[in-house]
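Peer 1: Just so you know, we're using my numbering here: the sequence shown kicks off at 14 and counts up by one.
Backbone N, C-alpha and C fix where the C-beta goes; we use that ideal spot for every residue, glycine too.
Structure provided below as structure tokens; questions to follow.
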Amino acid sequence: MNLRDRLRGLLVRLYARRVEGHLDHAQVPKHIGVIMDGNRRWAKAAGSTTAQGHRAGADKIEEFLGWCTETDVQVVTLWLLSTDNFDRPQEELGPLLGIIEDVVRSLAADGRWRVHHVGTMDLLPAGMQATLKEAEEATAHVEGIVVNVAIGYGGRQEIADAVRSMLLDAHDKGTPLEDLAEAVDVDMIGRHLYTKAQPDPDLVIRTSGEQRLSGFMLWQTAHSEYYFCEVFWPAFRKVDFLRALRDYAARHRRYGG
Numbered sequence: 014m015n016l017r018d019r020l021r022g023l024l025v026r027l028y029a030r031r032v033e034g035h036l037d038h039a040q041v042p043k044h045i046g047v048i049m050d051g052n053r054r055w056a057k058a059a060g061s062t063t064a065q066g067h068r069a070g071a072d073k074i075e076e077f078l079g080w081c082t083e084t085d086v087q088v089v090t091l092w093l094l095s096t097d098n099f100d101r102p103q104e105e106l107g108p109l110l111g112i113i114e115d116v117v118r119s120l121a122a123d124g125r126w127r128v129h130h131v132g133t134m135d136l137l138p139a140g141m142q143a144t145l146k147e148a149e150e151a152t153a154h155v156e157g158i159v160v161n162v163a164i165g166y167g168g169r170q171e172i173a174d175a176v177r178s179m180l181l182d183a184h185d186k187g188t189p190l191e192d193l194a195e196a197v198d199v200d201m202i203g204r205h206l207y208t209k210a211q212p213d214p215d216l217v218i219r220t221s222g223e224q225r226l227s228g229f230m231l232w233q234t235a236h237s238e239y240y241f242c243e244v245f246w247p248a249f250r251k252v253d254f255l256r257a258l259r260d261y262a263a264r265h266r267r268y269g270g
């Protein structure tokens with residue numbers, strides 16, 4: 014690393030400390046959703062392989078969760094694999110699934126976070142299903158941040174699964190269709206989402222410069238704030254995270270009022 018790079022790194026760290034020093038923890042979002050975008054483009058720019066890009070993105074996760082712990086965030090939802098990702102070529106999808114499975118094991122082994130899967134389990138390989146179940150069971154007692162690992166996740170699929178769950182629940186209870194139709198409201202549907210009993214995301218961060226949700230938590234993000242960051246996910250820094258929190262704290266959330 015040359016002198017210019019060292020000086021730049023020092024300035025960034027000093028700036029991050031300044032931003033963190035002015036951060037009001039009372040204004041920190043309790044639930045942050047993250048669309049971790051840009052692994053492949055980061056790899057291309059770095060002259061690396063796609064798999065190396067996904068690995069670099071995976072390596073960023075525990076560092077990011079450490080920042081969240083320092084700032085009193087309570088729930089984090091990480092979008093690791095969408096339902097659309099299953100359309101990728103097998104030579105990319107296979108290694109990606111292996112990397113994601115390693116991430117889940119690492120999060121569970123760390124001991125600081127409670128792991129919860131959100132997504133359609135049936136789409137996943139049997140080995141990954143077992144890993145997710147083991148991670149949830151092993152961390153069920155942990156009082157730290159709840160980490161939702163969105164794997165095999167799609168926003169429309171979640172709503173469809175919630176409606177299906179609601180109908181099956183009514184059938185099991187012998188509730189007539191007419192009574193169910195009369196009782197359905199947003200709270201009832203919410204109780205059948207993957208994130209039931211959790212607060213909705215206050216803030217959604219998307220990296221790589223893309224400014225769209227791509228189906229991420231369509232139901233839960235109705236009142237969320239969004240922060241779009243230009244950097245690719247593997248290059249996401251603490252100063253970028255703090256800027257997102259500062260931007261969030263400066264907004265006035267009106268909820269339609």
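Using only the alpha-carbon positions, how far apart do Ser-61 and Asp-192 sit?
Peer 2: On the sequence shown, residue 61 is found 48 positions in, with the first residue counted as 1. On the sequence shown, residue 192 is found 179 positions in, with the first residue counted as 1. Near 58 Å, if we compare the C-alpha coordinates of Asp-192 and Ser-61.
Peer 1: Is Glu-156 helix, strand or coil when you go by DSSP?
Peer 2: Residue 156 sits at position 143 when you count from the first residue of the sequence shown. DSSP places Glu-156 in coil when its eight states are reduced to three.
Peer 1: Please classify Val-128: does DSSP put it in a helix, a strand, or coil?
Peer 2: Along the sequence shown, read from residue 1 onward, the residue named residue 128 stands at position 115. It is a strand residue.
Peer 1: Does Gly-222 pass the burial test, meaning 16 or more other C-beta atoms within 10 Å, or should it be called exposed?
Peer 2: Within the sequence shown, the letter at position 209 stands for residue 222. When all chains shown are included, Gly-222 counts as exposed.
Peer 1: If I follow the unbroken beta strand (DSSP E) through Phe-292, where does it start and stop?
Peer 2: With the chain represented from 14 up to 270, any question about residue 292 goes unanswered, as that position is not in the structure.
Peer 1: Out of Leu-110, Lys-209 and Gly-157, point me to the one whose CA is closest to Gly-79's CA.
Peer 2: Position 66 of the sequence shown holds residue 79. Ranking Leu-110, Lys-209 and Gly-157 by Cα distance to Gly-79 puts Gly-157 first.
Peer 1: Using the three-state DSSP reduction, which class does Trp-232 fall into: helix, strand or coil?
Peer 2: Taking the sequence shown and counting its residues from 1, the one referred to as residue 232 is at position 219. Coil.
Peer 1: Between Ser-51 and the rest of its own chain, which residues show a CB-CB distance below 6 Å, the 5 nearest in sequence each way excluded?
Peer 2: Mapped onto the sequence shown, residue 51 falls at position 38. For the sequence presented, residue 51 should be read as Gly rather than Ser. Residues of the same chain with a CB within less than 6 Å of the CB of Gly-51, apart from the 5 flanking positions on each side, are Thr-220, Ser-221, Phe-245 and Trp-246 in chain order.
Peer 1: What does a CB cutoff of less than 8 Å around Arg-264 pick up in its chain, not counting 5 residues either side in sequence?
Peer 2: Locating residue 264 in the sequence shown gives position 251, where the first residue counts as 1. Within the same chain, Arg-264 has close Cβ partners Glu-238.
Peer 1: Take the Cβ of Pro-189 as the centre, count every other Cβ of all protein chains shown within 10 Å, and call the residue buried at 16 or more, exposed below.
Peer 2: Numbered from its first residue, the sequence shown carries residue 189 at position 176. Per the 10 Å Cβ criterion, exposed.
Peer 1: Report, in whole angstroms, the separation of the C-beta atoms of Thr-133 and Gln-170, which I expect to be a contact under 8 Å.
Peer 2: The count along the sequence shown starts at 1 and reaches residue 133 at position 120. The count along the sequence shown starts at 1 and reaches residue 170 at position 157. The beta-carbon separation of Thr-133 and Gln-170, rounded to 6 Å, stays under the 8 Å limit for a contact.
Peer 1: Does chain B have any CB closer than 7 Å to the CB of Gly-187?
Peer 2: You won't find chain B in this structure, because it holds only one protein chain.
Peer 1: Looking at the structure shown, is Ser-178 part of a helix, part of a strand, or coil, going by DSSP?
Peer 2: The residue you call residue 178 lines up with position 165 of the sequence shown. If DSSP states are grouped into helix, strand and coil, Ser-178 belongs with the helices.
Peer 1: Count the other C-beta atoms from every protein chain shown that fall within 10 angstroms of the C-beta of Phe-254, then say buried if there are 16 or more, exposed otherwise.
Peer 2: On the sequence shown, position 241 is the one that residue 254 refers to. The residue in question, Phe-254, is buried, as its Cβ has 16 or more Cβ neighbours within 10 Å.
Peer 1: So what's Tyr-261 in DSSP terms, helix, strand or just coil?
Peer 2: Residue mapping note: residue 261 aligns to position 248 of the sequence shown, counting from 1. Three-state result, Tyr-261: helix.
Peer 1: Go ahead and pull the three-state DSSP assignment for Gly-79.
Peer 2: Walking along the sequence shown from the start, residue 79 turns up at place 66. DSSP places Gly-79 in helix when its eight states are reduced to three.
Peer 1: Which same chain residues, not among the five before or five after Leu-24, have their C-beta less than 7 Å away from its C-beta?
Peer 2: Position 11 of the sequence shown, counted from the start, is the residue given in the question as residue 24. Its pLDDT being 49, under 50, Leu-24 is placed unreliably by the model, and the measurement read from it follows with that caveat. Nothing meets the Cβ criterion.
Peer 1: Excluding five sequence neighbours on each side, which residues of the same chain lie with their C-beta closer than 7 Å to the C-beta of Ala-248?
Peer 2: As a first step, residue 248 is located in the sequence shown; it is residue number 235 there, counting from the start. Counting only Cβ-Cβ distances below 7 Å, and skipping sequence neighbours, we find Trp-55.
Peer 1: Do Gly-165 and Leu-94 have their C-beta atoms within less than 7 Å of each other?
Peer 2: Sequence index remark: in the sequence shown, residue 165 carries index 152 (1-based). Sequence index remark: in the sequence shown, residue 94 carries index 81 (1-based). Against a cut-off of 7 Å, the Cβ pair of Leu-94 and Gly-165 comes out as a contact.
Peer 1: Measure the alpha-carbon distance for Leu-3 versus Thr-234 and round it to whole angstroms.
Peer 2: Outside the modelled stretch of the chain, which goes from 14 to 270, sits residue 3, for which no answer is possible.
Peer 1: Put Tyr-207 into one of helix, strand or coil per three-state DSSP.
Peer 2: By one-based count along the sequence shown, residue 207 stands at place 194. Three-state DSSP puts Tyr-207 in coil, outside helix and strand.
Peer 1: Got a sec? Which residues, its chain only, sit under 8 Å from Leu-180 by beta carbon, not counting five neighbours each side?
Peer 2: Residue numbering aside, residue 180 sits at position 167 when the sequence shown is read from its first letter. Cβ neighbours of Leu-180 beyond the five flanking positions: Leu-193.
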